[in-house]
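Colleague:
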Amino acid sequence: MAWPYHLLDLGTTQKHQRRILLDRYGVYAQLSALVPILAYLLFRLAAWVYSERQRTKLDYTALSDSSHSTRRRTGKLETRCKQAAWWLGGEVASGWGIRGHWIAGCAWTCWLLFLCIHRTGDDYLHITKRFGVVAASQLPVHYMLSMKSLYSPLALVFKASHEQLNPWHRLSGRIIYFMLCLHASWYMNYFVQAGVLAKRLSAPVVIIGITAFLCLTTIATTSLETVRRWSYRVFFVLHLIIGVSILPLLFFHAPALRIFVFEALILFIFDIVCRKLDTTTGFATITAVPHAKLVKIKVHVPASKLKRFHDAPGQHIYLSIPAESTPPSVATPSIHDLLFNPFTIAEVSARHVTLVLRTLNGPTTRAIQTLSHLPKAYPPINIEGPLGSSLHFPNLAANYDRILLIAGGVGATFILPIYRHVQDQLETQSINPDRVTFIWSLRSAAEASWAVDPQSRVKIDEDENVKIFLTGSAAGGPAYDPPSGDGSIELDDFQNVEESVKASGGRGRPNLGAIVDETFRQGNEKRVAVLVCGPPEMAKEVRRHVGRWIWKGRDVWFHDESFGW
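The sequence shown: position 146 = 146 (UniProt numbering), numbered continuously.
#1: Measuring CA to CA, which of Leu41, Ala85 and Ala256 is closest to Lys159?
#2: Using beta-carbon positions only, say whether Leu470 and Ala451 come within less than 8 Å of one another.
#3: Per DSSP, what kind of secondary structure is Val356 in: helix, strand or coil?
#4: With DSSP collapsed to three states, give me the class of Thr344.
#5: Would you list the one or two residues that DSSP bridges to residue 575?
#6: Which residues in the same chain have their Cβ closer than 6 Å to the Cβ of Ser149, if we skip the five residues on either side of it in sequence?
#7: Among the residues of its own chain, which have a CB less than 6 Å from the CB of Val261, if the five just before and after it don't count?
#8: Can you name, in chain order, every residue of its own chain whose Cβ lies under 7 Å from the Cβ of Phe343, other than the five neighbours on each side?
#9: Could you give the first and the last residue of the continuous beta strand (DSSP E) run that contains Ser325?
#10: Is DSSP giving Phe393 helix, strand or coil here?
#11: Measure the beta-carbon distance from Ile321 to Thr365 and round it to whole angstroms, keeping in mind my assumption that it falls under 8 Å.
#12: Could you check if Phe520 is buried or exposed, using at least 16 other CB atoms within 10 Å of its CB as the buried criterion?
#13: Let me know the secondary structure DSSP gives His162 once reduced to three states.
#14: Looking only at its chain, what residues have a beta carbon closer than 6 Å to the beta carbon of Phe191, apart from the 5 residues adjacent to it on each side?
#15: I'd like to know whether the C-beta atoms of Ile368 and Ile297 end up nearer to each other than 8 Å.
#16: Whole angstroms are fine: how far does the CA of Ser389 sit from the CA of Gln164?
#17: Distance, Cα to Cα, Val516 vs His545?
#18: Taking the CB atoms as reference points, tell me whether Ala377 and Gly26 lie closer together than 8 Å.
#19: So is Val133 buried or exposed if we call it buried at 16+ other beta carbons inside 10 Å?
#20: Residue ranges of each alpha helix (DSSP H) run of no fewer than 4 residues wholly in the segment 3–54, ordered along the chain?
#21: Measuring alpha carbon to alpha carbon, tell me which of Ala312, Pro302 and Ala448 ends up nearest Val289.
#22: What three-state label does DSSP hand residue 579 in the structure shown?
#23: DSSP three-state call for Ile103: helix, strand or coil?
#24: If you follow the beta strand (DSSP E) that Leu405 is in, where does it begin and where does it stop?
#25: Looking at Pro417 and Gly314, is the spacing between their C-beta atoms short of 8 Å?
#26: Quick one: residues in its chain with C-beta nearer than 6 Å to the C-beta of Asn341, no 5 flanking neighbours on either side, listed in chain order?
#27: Taking only the alpha-carbon atoms, compute the straight-line gap between Lys15 and Arg130 and give it to the nearest angstrom.
#28: Kindly indicate the opening and closing residues of the alpha helix (DSSP H) around Lys540.
#29: Please list the terminal residues of the continuous alpha helix (DSSP H) segment that includes Val244.
#30: Of all the options Ile127, His291, Cys81 and Leu404, which has the alpha carbon lying nearest to the alpha carbon of His6?
#31: Which residue marks the beginning of the alpha helix (DSSP H) containing Thr120, and which one marks its end?
#32: Taking only the alpha-carbon atoms, compute the straight-line gap between Glu518 and Trp186 and give it to the nearest angstrom.
#33: Taking Cβ positions, are Gly505 and Ile468 nearer each other than 8 Å?
#34: Name the residue from Leu112, Lys305 and Thr217 whose alpha carbon lies nearest to the alpha carbon of Ala350.
#35: Please confirm whether Glu263 and Pro140 have their CB atoms less than 8 Å apart.
#36: Quick one: what's got a C-beta closer than 7 Å to Leu21's C-beta in the same chain, skipping five residues either side?
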């Protein structure tokens, strides 16, 4: 099949008509992004109406045979829907992403490609320009998907937190970059075919376009998992700087893109302002957890904001270190001004929130570790939030018969507050607390010492529903970091930790398959909630075991609060 597009010599009227079509299809591409949103809202409305009608029918025919038939049909439909959602939430292959993302991404790409091709005729420059316009039309939605503010329009519509929207932000970025690659390569081909390559490469509009494309290539490259693992700081700083600077480049590159650039800029500024208004500075007490590479931070929170932290367990904040608190030996303050690290709120008290974090090689955790060695210092710390999907969780104690909570390492900062909250609810309702089980896998007993609070009513070291697995000593090596040479930490301290935090679940990795199966075998009609927070491999294993029961038709609510890459 011959290439259908050619370089045409168009008149003024024809160029004007092409301009109209370019602008029109750019608007079509942008407005079409509203279709999935409206479809989701209609689906929620239809689901609510359907559930209300079924509930009314069951109320009127509670003892009739038709009631049982209706309940059975409704149950089968719900089961099929949940199984389909579970399948869509699974990976295509290990490390290749989620099926639902692939299907939605391919469908959206096909739609945008149709808008790029439709009514372009055989005009080579028309289709080349159309790819650029349609790609730019997606920038406002792309920036909206990256918003972390509670007032993000998409977060409000979908009742989702920013970390749940972020995979769609990455997917949108790949689609935009793919289309701009075609736009740029076809334009370069036009310059070569027309014999104007040298002349056009010196034109300001082309220089700006090439610069913008190179910036986008840098973003696409540094967003790769390999680069993020090598240096998250490089990824974050470049992503932020280029994400801002790309907008003026596109503004001056083509007048037709300015409306989309202006919309994206408004959304970006709105997000920044909302996040600044949601950021508070509090004096912090920072202490190192003995014999573990953990640091415990207790930050004072204003009373006016404390209620939001109490609203739901399992929320997180973004922490940043202001210039006056940055240790000079760690990094320049300017680096920390650009870094905002997420940490889960491990505990909320009457005046403080407590964070527990593992000290790695990043600039923020290294700075915090340095501050922890200054016992009389109370540095000011910036915290933004709280944020998180736990605000939209169902009532676990009321809606589920069995609750399985699984944590790996510092993933307990998410799971433990939820466990304590559920136990409080069960006690208030005089319900047997044995319906909830907390599995915690960690390297050493020392890593659990931050959670052993003598003043807490729910003591994990005495709770039979908490199973702690110590994996470090099972490997034959030391389960703790050796004491420091200055004598500030005595060996007796570690022995006290070992006595207070026992391996109630056993030594070595927990048998997650057996634990999941035991939970589901409590009763075929029982509703089960499973929450996991830990390394990605742990979450994948738990999901695989839970999936077997979902395909058997069990009523399951599953949440994976993964951390890592």
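Glycine is no exception: its CB is placed at the ideal position from the N, C-alpha and C atoms.
Model, not experiment: these values are computed from the prediction.
Modeller: On the basis of the supplied data:
#1: Numbered from 1 along the sequence shown, position 159 holds the residue referred to as residue 159. The shortest C-alpha to C-alpha distance from Lys159 to any of Leu41, Ala85 and Ala256 is the one to Leu41.
#2: Position 470 of the sequence shown, counted from the first residue, corresponds to residue 470. Position 451 of the sequence shown, counted from the first residue, corresponds to residue 451. Cβ distance not < 8 Å, so Leu470 and Ala451 don't count as in contact.
#3: Translated into the one-based positions of the sequence shown, residue 356 becomes position 356. Correct three-state label for Val356: strand.
#4: Here residue 344 corresponds to residue number 344 of the sequence shown, with the count starting at 1. Correct three-state label for Thr344: strand.
#5: Nothing about residue 575 can be read from this structure; the chain reaches only from 1 to 565.
#6: For the purposes of this step, residue 149 is identified with residue 149 of the sequence shown, where counting begins at 1. Excluding positions up to five away in sequence, the list reads Asp271, Cys274 and Arg275.
#7: Taking the sequence shown and counting its residues from 1, one reaches residue 261 at position 261. Around Val261: Leu247, Leu250 and Phe251.
#8: On the sequence shown, position 343 is the one that residue 343 refers to. Around Phe343: His316, Ile317, Leu319, Leu355 and Leu357.
#9: As a first step, residue 325 is located in the sequence shown; it is residue number 325 there, counting from the start. Here Ser325 belongs to no beta strand (DSSP E), and DSSP marks it neither H nor E.
#10: Position 393 of the sequence shown, counted from the start, is the residue given in the question as residue 393. It is coil, neither helix nor strand.
#11: As a first step, residue 321 is located in the sequence shown; it is residue number 321 there, counting from the start. As a first step, residue 365 is located in the sequence shown; it is residue number 365 there, counting from the start. That belief does not hold up - the Cβ atoms of Ile321 and Thr365 are roughly 10 Å apart, past 8 Å.
#12: Position 520 of the sequence shown, counting from 1, holds the residue named residue 520. Under the 10 Å beta carbon count, Phe520 is surrounded by 16 or more other beta carbons and is classified as buried.
#13: Locating residue 162 in the sequence shown gives position 162, where the first residue counts as 1. In this structure, His162 counts as helix in the three-state DSSP scheme.
#14: Against the sequence shown, residue 191 aligns to sequence position 191. Result list for Phe191: Leu197 and Arg200, in chain order.
#15: Taking the first residue of the sequence shown as 1, we reach residue 368 at position 368. Taking the first residue of the sequence shown as 1, we reach residue 297 at position 297. Contact: yes.
#16: Locating residue 164 in the sequence shown gives position 164, counting from the first residue. Locating residue 389 in the sequence shown gives position 389, counting from the first residue. Distance between the alpha carbons of Gln164 and Ser389: 8 Å.
#17: Counted from its first residue, the sequence shown places residue 516 at position 516. Counted from its first residue, the sequence shown places residue 545 at position 545. Approximately 7 Å between the Cα atoms of the pair.
#18: Locating residue 377 in the sequence shown gives position 377, counting from the first residue. Locating residue 26 in the sequence shown gives position 26, counting from the first residue. Not in contact: Ala377 and Gly26 (Cβ atoms no closer than 8 Å).
#19: For this step, residue 133 is matched to residue 133 along the sequence shown. The residue is buried, with at least 16 neighbouring Cβ atoms inside 10 Å.
#20: 12–31
#21: Taking the sequence shown and counting its residues from 1, the one referred to as residue 289 is at position 289. Nearest of Ala312, Pro302 and Ala448 to Val289, Cα basis: Ala448.
#22: Absent from the structure is residue 579, since the part of the chain shown begins at 1 and ends at 565.
#23: Against the sequence shown, residue 103 aligns to sequence position 103. The answer is helix: DSSP assigns Ile103 an H, G or I state.
#24: Locating residue 405 in the sequence shown gives position 405, where the first residue counts as 1. Where Leu405 is concerned, the enclosing beta strand (DSSP E) stretches over Arg402 to Gly408.
#25: Translated into the one-based positions of the sequence shown, residue 314 becomes position 314. Translated into the one-based positions of the sequence shown, residue 417 becomes position 417. Cβ distance < 8 Å, so Gly314 and Pro417 count as in contact.
#26: Mapped onto the sequence shown, residue 341 falls at position 341. Same-chain partners within the cutoff: Leu319 and Thr364.
#27: Here residue 15 is taken as the residue at index 15 of the sequence shown, counted from 1. Here residue 130 is taken as the residue at index 130 of the sequence shown, counted from 1. Here the alpha carbon of Lys15 sits roughly 13 Å from the alpha carbon of Arg130.
#28: Along the sequence shown, read from residue 1 onward, the residue named residue 540 stands at position 540. Note, Lys540: alpha helix (DSSP H), Pro536 to Ile550.
#29: Within the sequence shown, the letter at position 244 stands for residue 244. Element bounds for Val244: Tyr232 to His253.
#30: Looking up residue 6 in the sequence shown gives position 6. Nearest C-alpha to His6: Ile127.
#31: Looking up residue 120 in the sequence shown gives position 120. Here Thr120 belongs to no alpha helix (DSSP H), and DSSP marks it neither H nor E.
#32: The residue you call residue 518 lines up with position 518 of the sequence shown. The residue you call residue 186 lines up with position 186 of the sequence shown. If I take the Cα positions, the gap works out to 59 Å.
#33: Here residue 505 is taken as the residue at index 505 of the sequence shown, counted from 1. Here residue 468 is taken as the residue at index 468 of the sequence shown, counted from 1. Result yes, Cβ atoms of Gly505 and Ile468 sit closer than 8 Å.
#34: Indexing the sequence shown from 1 puts residue 350 at position 350. If we check each option's Cα against that of Ala350, Lys305 comes out closest.
#35: Stepping through the sequence shown from its first residue, residue 263 is reached at position 263. Stepping through the sequence shown from its first residue, residue 140 is reached at position 140. Their beta carbons are under 8 Å apart, which means Glu263 touches Pro140 by this criterion.
#36: In the sequence shown, the residue the question calls residue 21 occupies position 21. Here the set comprises Arg119.
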